[in-house]
Amino acid sequence: MFIMKKIFTMLLLALPLFAISLELKSGYVAAHTEMLMDKTIDPINNHLKADITIENSDISTIKGKFWVEMTLFTSDKSERDEHMYKEVEADTFKLATYTIANVTKTEGENSYIINGTLDFHGEKKELSAKAKITSTEGSLNIDAASMILMSDFGIEMPCMVFMCVRDQVDLLVKATF
Numbered sequence: 001m002f003i004m005k006k007i008f009t010m011l012l013l014a015l016p017l018f019a020i021s022l023e024l025k026s027g028y029v030a031a032h033t034e035m036l037m038d039k040t041i042d043p044i045n046n047h048l049k050a051d052i053t054i055e056n057s058d059i060s061t062i063k064g065k066f067w068v069e070m071t072l073f074t075s076d077k078s079e080r081d082e083h084m085y086k087e088v089e090a091d092t093f094k095l096a097t098y099t100i101a102n103v104t105k106t107e108g109e110n111s112y113i114i115n116g117t118l119d120f121h122g123e124k125k126e127l128s129a130k131a132k133i134t135s136t137e138g139s140l141n142i143d144a145a146s147m148i149l150m151s152d153f154g155i156e157m158p159c160m161v162f163m164c165v166r167d168q169v170d171l172l173v174k175a176t177f
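Numbering (our numbering), first residue to last: 1 to 177.
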C-alpha cells in the first residue's frame with residue numbers, strides 16, 4: 001500500500017511537466033505583396049492548421065507547428081490566384097509548414113519573438129516572427145508577422161512588361177486556441 005501511495009504521489013507531481021495540446025479554434029495566414037507600379041496583392045488562407053503544445057500555461061514553452069494548403073490562398077482575382085499556384089508549384093509542394101523552435105519574451109506588453117523553420121516550396125529556412133501573444137478567458141491568441149523573399153525559396157516572381165511582382169512577401173498569422 002505504501003508503494004502504491006508513493007507511485008501515485010510521483011505521478012501527480014509529474015503531471016505539470018507534461019505539455020498540454022492546444023486546440024485551434026480559428027486562424028488564418030494573410031500574405032501581402034505588390035505589383036510594382038500597380039497595386040497590392042493580398043491573398044489569404046482561412047484554413048490554418050496547427051499542432052501546438054504549451055507547458056504550465058507558460059507562453060515561452062509553446063512548441064509545435066502551423067501549416068496551410070497552398071491552393072487555399074485566395075485573393076480578389078481568381079485568375080491571378082491560378083497564376084500564383086503555378087508559380088509556387090502548389091501541385092508539387094502542397095503545404096507550407098512553420099515549425100516553432102522557441103518563443104522568447106521581448107520588451108513590451110505581450111511581445112514575443114517566435115523562432116522556427118519555414119518549409120516552403122521544397123526549401124527549409126529559419127524564420128523569426130514578431131508576435132503578440134495573449135491569454136484571456138481560457139483562450140490563447142497569437143498575432144505574428146514576418147517577411148520572406150520568394151527568391152530565397154527558389155521562386156522567381158513574374159513580370160509583365162515593366163510591371164513586376166515584388167519579391168518580398170509580408171506574412172501575418174492569426175490563431176486562436
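Built from N, CA and C at the ideal position, the CB exists for glycine as well.
Query	Result
If I44 sits next to Y28, beta carbons under 8 Å apart, how far is it from one beta carbon to the other, in whole angstroms?	6 Å
Could you compute how far the alpha carbon of L15 sits from the alpha carbon of G138?	Legend: pLDDT at L15 = 47, less than 50; position of this residue unreliable, value from coordinates given subsequently. Going by the C-alpha atoms only, they are around 20 Å apart.
Quick check on this structure: which residue in M157, E123, A144, N110 has the alpha carbon closest to the alpha carbon of H83?	M157
From the DSSP secondary-structure annotation, give me the bridge partner or partners of I52.	L22, G64
Under 8 Å, with one C-beta from each stretch per pair, do the region 133–147 and the region 109–116 reach the 3-pair mark?	yes
On a Cα-Cα basis, can you pick out the residue from G108, L22, G122, L140 that is closest to D91?	G122
Note down the Cα distance separating L12 from I41, rounded to an integer number of angstroms.	Its pLDDT being 48, under 50, L12 is placed unreliably by the model, and the measurement read from it follows with that caveat. Rounded to whole angstroms, L12 to I41 spans 53 Å at the Cα level.
Check the C-beta distance from A19 over to E55 and give it rounded, since I have them as a contact under 8 Å.	5 Å
Here's the rule: buried if 16 or more other CB atoms are within 10 angstroms of the residue's CB, otherwise exposed. What is D58?	exposed
Please list the terminal residues of the continuous alpha helix (DSSP H) segment that includes K86.	78–87
Suppose you measure from the CA of V68 to the CA of L48; what does that come to, to the nearest Å?	5 Å
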